[in-house]
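Student: Input: one structure, supplied below.
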Amino acid sequence: MMRSSRFFWGDRVMGDLLDVEALESGYGLIQVLWGSSLSVACNQSVVLLGVNGAGKTTLLKTIAGLLDARKGTITFDGNDITRAKPNVRIASGIGYMSELGIFPNLTIEENLQLGGYFRSEKENRIRADQMYDYFPDLREYRKKMGGSLSGGQRKMLGVAKTLMAHPKLVIMDEPSSGLSPKFVKKVVEVLKLLHEQEKVSMLIAEQNVSFIDFAQKIYILDKGRVTFDGDVEELKQNDTIRETYFGIAH
Ligand code: ATP
């Protein structure tokens, strides 16, 4: 069985942590993804950019197992997980943070416990302490309801809840949504720090270009198809993309 070690074949990097190949997915009669492919290497931060309705959420949900893949394959850590149930994907190391990210009617402590659902009580206590060290606000408010937190704090709780399970890959759906530019900056800083300290791979779906500086690789999804992959410099040099995402005409 192929594991996650990387080796090169021609100019192709083999053995990525996540490999999505020609994925098709959608809702009932509506097809959203039309053969999307992407990959995330071990300890790599990848940002998936796309405008409203491009299919980012659909792609992340299909990777997390919340939507069925109609065609294509999803390989994680060397195993084909295309048909695996969501709990199997979580247990194998995929952490998914939805746009809402938390349960507003549970306390912060309870949210964290749920994030570590498949772990022992002792492991969860130790991990929750680490999360409180990263996010001191959460320690202070740990008996309060998730819904009583500010937008920025909720995102932090969402990130902490996802990290409770010690994922190898964190996939996040629009961590910037509903946040002021000041908080977006803060979220980007926190994710950078966590990426370095936790050595975790990240796949972040965003329409906010503030996230690209943090990305080692960027994909653009447009109408369910990947139309660009490259690094920040390549992205900035592309005239059409500059106009769409940065509002700079060529
Ligand atoms: P946003 O940033 O607005 O969330 P997105 O890139 O995440 O956009 P998706 O949420 O994946 O895009 O939506 C892609 C397409 O699928 C859109 O046309 C949307 O209307 C449609 N869609 C999303 N969820 C459903 C659903 N539950 N049932 C039917 N169509 C849906």
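Under this note's numbering, the residues of the sequence shown are numbered 6 to 255, in order. We put the beta carbon where it would ideally sit given N, CA and C, even for glycine.
1. Answer yes or no: do K61 and L196 have a C-beta to C-beta separation smaller than 7 Å?
2. Only counting the same chain, and skipping five residues up and downstream in sequence, which positions put a Cβ closer than 7 Å to that of N5?
3. Does the separation of the CB atoms of F108 and L23 fall below 7 Å?
4. What is the DSSP secondary structure of V231, counted as helix, strand or coil?
5. Quick one: grab the DSSP three-state call for L281.
6. Between the Cα of L38 and the Cα atoms of K228, T245, G235, which residue gives the shortest distance?
7. Report the residue ranges of all alpha helix (DSSP H) runs contained in full by the stretch 176–221; include only those spanning at least 4 residues, in chain order.
8. Are there 16 or more other CB atoms within 10 angstroms of the CB of S153, so buried, or fewer, so exposed?
9. Looking at chain D, is there any beta carbon in it that lies within less than 7 Å of the beta carbon of I225?
10. Can you give me the start and stop residues for the alpha helix (DSSP H) that M136 sits inside?
11. Of all the alpha helix (DSSP H) runs that stay within the bounds of the stretch 69–101, which reach a length of 4 or more residues?
12. Look up L105 in the DSSP assignment and say whether it is helix, strand or coil.
13. Determine the burial state of D21: buried for a count of at least 16 other Cβ atoms within 10 Å of its Cβ, exposed for fewer.
Tutor: Looking at the coordinates:
1. no
2. Any question about residue 5 goes unanswered here, given that the chain covers just 6 to 255.
3. no
4. strand
5. This structure gives no information on residue 281, because the portion of the chain shown stretches from 6 to 255.
6. K228
7. 186–203
8. exposed
9. Looking for chain D here will not work: only one protein chain is present.
10. 126–139
11. 91–97
12. coil
13. buried
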